[in-house]
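Numbering (UniProt numbering), first residue to last: 1 to 164.
Positions of the beta carbon are idealized from the N, C-alpha and C atoms, including for glycine.
Given the structure is predicted, the values throughout are model-derived calculations rather than measurements.
Report on one structure; see the data block that follows.
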Amino acid sequence: MTLELGKDMLFVSKLCKKRCVQHAQEDSPFTAEHTQLYYQFLEHLEAFSWSDPIKVQICLNAVASAQFLKPLMPQSWFFKSIAQAQQSQLELGELAVLQSEHSQARCVVVERSEQTYTLMTIEDGLVLDERKALAQFEAIKVMQDRVIPLKQLLQNQYRLAQTG
1 MTLELGKDML FVSKLCKKRC VQHAQEDSPF TAEHTQLYYQ FLEHLEAFSW SDPIKVQICL
61 NAVASAQFLK PLMPQSWFFK SIAQAQQSQL ELGELAVLQS EHSQARCVVV ERSEQTYTLM
121 TIEDGLVLDE RKALAQFEAI KVMQDRVIPL KQLLQNQYRL AQTG
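See the structure below:
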């Protein structure tokens with residue numbers, strides 16, 4: 001998927017063709033719905049001191065995933081279930097952390113249902129097991145009890161720093 005942002009600017013999504021729904025491969029304009037999603041994702045990134053180009057890259061890839069990603073089956077077995085008390089319902093665009101036995105990565109919620117989230121990694125190299133890893137901007141669907149809200153993780157780290 002590509003998006004022309006001006007005469008000398010072309011954005012190319014990292015979403016590969018085989019993971020896209022059929023209509024994603026047709027030429028179509030960036031719609032008002034896409035724009036609304038873009039700003040919803042951007043709003044959740046405002047608190048972070050990342051550069052504007054990085055935020056744009058995250059948001060545009062998140063819009064591509066939210067709009068054009070084929071439905072995924074949950075792959076929750078890569079992640080431990082977290083305590084029920086730690087869970088809070090995440091909204092589209094909120095940041096979360098996925099933690100496998102091998103690594104952890106920050107992700108953005110690009111789709112949610114009653115029981116699952118589809119998350120797009122914003123960091124490279126989330127190692128799921130000895131044979132499989134997710135690259136930056138790749139998506140995975142997991143049960144909600146496998147997802148740690150980033151704001152909650154940061155609050156816990158802050159509390160530990162204050163008491164330690």
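Nearest neighbour of residue i, chosen from the options [CA to CA]
i           : options          : result
residue 92  : 45, 145, 152     : 45
residue 29  : 161, 51, 67, 80  : 67
residue 36  : 63, 16, 10, 72   : 63
residue 168 : 72, 135, 94, 110 : Residue 168 lies beyond the stretch modelled for the chain, which goes from 1 to 164, so this question has no answer here.
residue 79  : 8, 143, 5, 9     : 143
residue 71  : 95, 4, 139       : 139
residue 152 : 133, 39, 89, 33  : 89
residue 18  : 106, 65, 8       : 65
residue 154 : 42, 106, 41      : 106
residue 118 : 51, 147, 34      : 147
residue 11  : 33, 61, 40       : 61
Buried/exposed call for residue i, threshold 16 Cβ in 10 Å
i           : result
residue 98  : buried
residue 149 : buried
residue 31  : exposed
residue 116 : buried
residue 100 : buried
residue 95  : buried
residue 15  : buried
residue 161 : exposed
residue 85  : Interpretation of residue 85 is limited by its pLDDT of 47, a score under 50 that renders its predicted location unreliable; the figure taken from the coordinates is listed afterwards. Classification of residue 85: exposed, given that the 10 Å Cβ count is below 16.
residue 73  : exposed
For residue j and residue i, the rounded distance between their alpha carbons
i           : j           : result
residue 13  : residue 163 : 43 Å
residue 145 : residue 112 : 13 Å
residue 47  : residue 122 : 15 Å
residue 76  : residue 49  : 30 Å
residue 4   : residue 83  : 44 Å
residue 9   : residue 81  : 42 Å
residue 110 : residue 42  : 12 Å
Are at least three pairs of beta-carbons, each pair with one atom in the region 47 to 64 and one in the region 125 to 132, less than 8 Å apart? no
Which whole runs of the alpha helix (DSSP H) in the UniProt domain "Cell-division protein ZapC C-terminal" (71 to 152) are 4 residues long or more, in chain order? none
What are the uninterrupted segments assigned as beta strand (DSSP E) that are 3 or more residues long and contained completely in the region 3 to 52, given in chain order? 9 to 12
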